[in-house]
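*Asks:* In this note's numbering, the protein residues as written are 1 to 575.
One structure, pasted below without further comment.
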Amino acid sequence: MPEKQPPHSTEHNGSEDQEKFPNAWNSSELPADTPVTISAEHTTSDAPEIAAFHLGAEDKYDDRSKKGALYQVVDVSKLERVGDQYSYDGQLFDANGGDYLVISSPSDGSETRRRGDGTTSDNFSYRFISKGEQIEMGRTSDPDLTPDLDGISRQHLQLYVDTEGNLSFIDLGSTNGTTLHTPEDATMVTGESIEGRPEPSADDEETDPSAAIDAEPDAEVRHSDAELLGRRYPVLRAVRQVSNQRMRLIESTQANWKNTLDTPKKMRLGMRMSLAESRVARHQARLENVPENSWLHQRRTRKLEKVTAKRNRIKSEYDTVTGRMKDRRTSVKDNFEKRKNEYTKNLKDRAELARSHKALRHELKDQGAGFLERRTIVKDAIKNHPNVILEAIGDTSSIVALRGRELQQAERTEERARKSHSETLKASKANSQRAKEYTAELQNATNQKDSLSEQITKTSETIDSLRAQREVLGEKDPKFFVLGIELREAERNLEALEAEHEELEHTVKYRTAEVERLSAEQTRLDEQLQAQEEAHTVAKQNTAKRRQAADTAKQAQQEAAHKAATAKLSTKEKK
C-alpha cells in the first residue's frame, strides 16, 4: 500500500502535548511506551497489544469465543530468529522484512483469506509492516487482511505505524464496531470515543489566570465561572451538571434507539452497495475486454452506465442513513455543550451582579447614605436596571475579585519561598556547625594517632634492645630472667598500642569521609540558598506587581461605582 498518514490519525502521537490517561491498558507484546490511537480525539498509552473482535450486532455482548478475529501486533525485534524465518507462538513466519508482525487468527475455527505476505497451516494470516506504512482490514476488493467473517465491514479498521514507531488503530466506520482486548472489554463503535481525563500539570497552581482570560477571544466567557464564583462554584456547578447530564442521558438514549431502528436499513444498504460495487467492477472488466467502436463495446457501455447509476442511488441512500445517524449523535453533544455554556453564562452574570451590588452599596456608604437608604437604592437599581449596573460595575468588580485572588496566590508563593529560604538557611547553619565539630574531632584523632606512632616506634626499639641483651647473657645469668620479664611486658604494651593505633586509623578515615560529605553538602546548600534567595526576590517583586494591579482594579471599581451612584441610571435596558 502507499505510505501515507491515515486520515483519522491524530498529530498527538510522539508529541509533547500528547494526552495521558491514568487508566491505561497494559500488555506485554510490544514496548510499553508504544501509544495506540483508538479514535480521532484520544490516545492511550501502554496499550501496545491489539486484539480486535468484529461481532455481529446481535452478538456484541456475547462471549468472545463465539465469533471474531484476533489481531495481534508483535515487535519483530522480540521474535526468535530460526534460519530465514521468525518463530512466534509455535509458528514459523517467512522473514520478509518489516518492523512489526501483524497476525490475524479466527477464533471460531473459520478459514482466513490472506492478501499479504503469507499464511500458515493453522489458519494464521499474517503480514509484516514497516514504520511509515499502513494496512487495512475489511471486505473491500483489495484489503491487506480479509478474515472470512460475517461480522466484518467492507472497510473495517486501519493500522498505521509512523516513523517513530507509534501505533495507530483506527475504526473506519465499521458497522459492527471494533472491540479492544483490555482487562475490561470496551467496545468502540463509529462516532464513540474513549473518554479520559488528562493528568493535571504539576505547575497548575503557579499559572497566571489572567493570561488565560486575556487569551480567551469570547468576551462573554472570558471570566470562567470558577474564577467568578469562588467557593460557591462547586455546589452551583454540581446542581447544573447533574441536570445537564440527565438531559444528555435522555437524548443519548433516544438517539441510540433511533439509530438502532435505522441499523437494519443501513446494513441492508451496505450489503446492496457491496453487491453493486462488485457488479460495476465486473462490467468494467468486461468492457475493457472488447475493442472500442464495436457494437458490443457500446452495448456493454450502456450496461455499465446502468449499473453505475444504480450503484450511485444505493450509495446516496446509504449516505443519507449514515449521515442521519451521525447527526443524531452530534446533536446530543452539541446540545450538552450549549446547555453548559448557558448555565456558565448565567452563573457569571449572577456573580457579577452580586459584586456590583456590593460595590454600589459601599460607594453609597462612603457618600453618607444610611442603611435603609442604601438598601432601597441598591435594591431598586438592581431590580429595575440590572444590565445597566452590570455594564457600569460588573466587569470591574469581577476584575477586582480576580486580581485579589492573584494577589493571594502571589503572597502564598512569596511565603513559601521565604519559608524554604529560612529552612535551608537553618539547615546550612546546622551543617556548618557539624562540619566544625567533625573537623575538630578529626584533628584530635590525627594527633592521637601520631603520638601513638611515636610510642610504637620507641617500644619496638626497646624490644629489640632487650632481645639483643638476652642473646649476650647466658640462661644461668640472673639478669637473663629479669630481661625476659621486661621483654614480655614490652611486647604486651606494643600489642595494646597497635590495637589502639588501628582503631584510631578507622576513626580518622570515618571523620575524613564525614568532613568531605559535610563540605559537599555545605556547597550544595550554599548554591540552594542563592537560588532560593533569587526566587524569594522574584516572588516579592511579583507580589508587589500583583498588589499594584489589585489596587488599580479596586480604584477602577470605586470610580465605576461612584459614577453609577451619582449619575442618573437610564431606564432603557441594554439589549
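Ideal Cβ placement from N, Cα and C applies to all residues, glycine included.
1) Pull up the CB-CB distance for A549 and R328, whole angstroms please, since I reckon it's below 8 Å.
2) Mind checking D634: buried by the 16 CB within 10 Å criterion, or exposed?
3) Does V400 come out as helix, strand or coil in the three-state DSSP assignment?
4) If we count Cβ pairs, one from each stretch, closer than 8 Å, do we get three or more for the stretch 509 to 517 versus the stretch 413 to 425?
5) Three-state secondary structure (DSSP) at E475?
6) State the CB to CB distance for the pair R492 and E441, rounded to an integer number of angstroms; the pair is presumed to be in contact (CB under 8 Å).
7) Grab the span of the beta strand (DSSP E) containing I135 for me, first residue to last.
8) Just verifying my parser: in three-state terms, what is the DSSP assignment at D327?
9) For H536, which of A490, A410, Q522 and S519 has the nearest alpha-carbon?
10) Considering only residues of the same chain and omitting the five flanking positions on each side of E556, which have a CB-CB separation below 7 Å?
11) Determine the burial state of K563: buried for a count of at least 16 other Cβ atoms within 10 Å of its Cβ, exposed for fewer.
12) Just the Cα atoms here: how many angstroms apart are K426 and D526?
13) Nearest-angstrom Cα distance between R350 and A359?
14) Determine the DSSP secondary structure at E292, reduced to helix, strand or coil.
15) On the three-state DSSP scale, how would you describe S130?
16) To which residues of the same chain is R240 closer than 7 Å at the C-beta, ignoring the five residues directly before and after it?
17) In chain order, what residues of the same chain have a beta carbon less than 8 Å from the beta carbon of V332, not counting five sequence neighbours either side?
18) Alpha carbons only, please: which of L159, K554 and K476 is nearest the one belonging to I399?
19) Flag this pair as yes or no: are the beta carbons of Q522 and H421 separated by less than 7 Å?
20) Taking Cβ positions, are R300 and A276 nearer each other than 7 Å?
21) Let me know if K509 comes out buried or exposed under the rule of 16 or more other beta-carbons within 10 Å of its beta-carbon.
22) In angstroms, rounded to a whole number, what distance separates the CA positions of H501 and T507?
23) Would you mind stating whether G98 and I129 have Cβ atoms separated by less than 7 Å?
24) Quick one, which of A354, E406, G370 and Q408 has its alpha-carbon nearest I393's?
25) Among residues of its own chain, excluding the 5 on either side of V280, which ones have a beta-carbon nearer than 8 Å to its beta-carbon?
26) Assuming L466 contacts L483 under a Cβ cut-off of 8 Å, what Cβ separation, rounded to an integer in Å, is found between them?
27) Please work out which residues of its chain come closer than 7 Å, Cβ to Cβ, to R272, disregarding the five sequence neighbours upstream and downstream, and give them in chain order.
28) In angstroms, rounded to a whole number, what distance separates the CA positions of E292 and R302?
29) Would a C-beta distance cut-off of 7 Å place Q455 and L497 closer than the cut-off?
30) What residues are listed by DSSP as bridge partners for Y100?
31) Between the alpha carbons of H54 and Q72, how many angstroms are there, rounded?
32) Using the rule of at least 16 other Cβ atoms within 10 Å of the residue's Cβ for burial, across every protein chain shown, is R127 buried or exposed?
*Replies:* Let me spell this out:
1) At roughly 48 Å, the Cβ-Cβ gap does not stay under 8 Å, so A549 and R328 are not in contact.
2) Outside the shown range of the chain, which is 1 to 575, sits residue 634, and nothing can be said about it.
3) Three-state result, V400: helix.
4) With the rule of 3 Cβ pairs closer than 8 Å, the stretch 509 to 517 does not count as touching the stretch 413 to 425.
5) If DSSP states are grouped into helix, strand and coil, E475 belongs with coil.
6) Actually they do not touch by this definition, with Cβ atoms about 29 Å apart.
7) Its beta strand (DSSP E) spans residues E133 to M137.
8) Three-state DSSP puts D327 in a helix.
9) Looking at the Cα atoms, A410 is the closest of the given residues.
10) One detail in the question is off: residue 556 reads as Ala in this sequence, not Glu. Cβ within range, chain order: T396.
11) Classification of K563: exposed, given that the 10 Å Cβ count is below 16.
12) Taking the straight line joining both Cα atoms gives about 11 Å.
13) In a straight line, the C-alpha of R350 is about 14 Å away from that of A359.
14) In the three-state reduction of the DSSP assignment, E292 falls in the coil class.
15) Three-state result, S130: coil.
16) The residues are Y343.
17) Cβ neighbours of V332 within its own chain (closer than 8 Å, five residues either side excluded): R248, E251, S252 and A255.
18) With distances taken between CA atoms, I399 lies nearest to K554 out of L159, K554 and K476.
19) No, Cβ-Cβ distance for Q522 and H421 is not below 7 Å.
20) Taking the C-beta atoms as reference points, A276 is found no nearer than 7 Å to R300.
21) Counting other Cβ atoms within 10 Å of its Cβ, K509 stays below 16 and is therefore classed as exposed.
22) So the alpha carbons of these two residues sit roughly 10 Å apart.
23) For the 7 Å CB-CB criterion, G98 and I129 form a contact.
24) Residue A354 holds the alpha-carbon nearest to the alpha-carbon of I393 among A354, E406, G370 and Q408.
25) L304, V307, T308 and R311, listed in sequence order.
26) Indeed, because the Cβ distance is near 5 Å, the residues count as touching under 8 Å.
27) Once the five neighbours on either side are set aside, the close Cβ partners of R272 are I314.
28) Roughly 13 Å separates the two Cα atoms.
29) Closer than 7 Å, so yes.
30) In the DSSP output, where bridge partners are listed per residue, Y100 has D75 and I129.
31) Any reading at H54 needs caution, since the residue's pLDDT is 34, under 50, leaving its predicted position unreliable; the model's value is listed next. A straight line joining the alpha-carbon of H54 with that of Q72 spans about 14 Å.
32) Classification for R127: buried.
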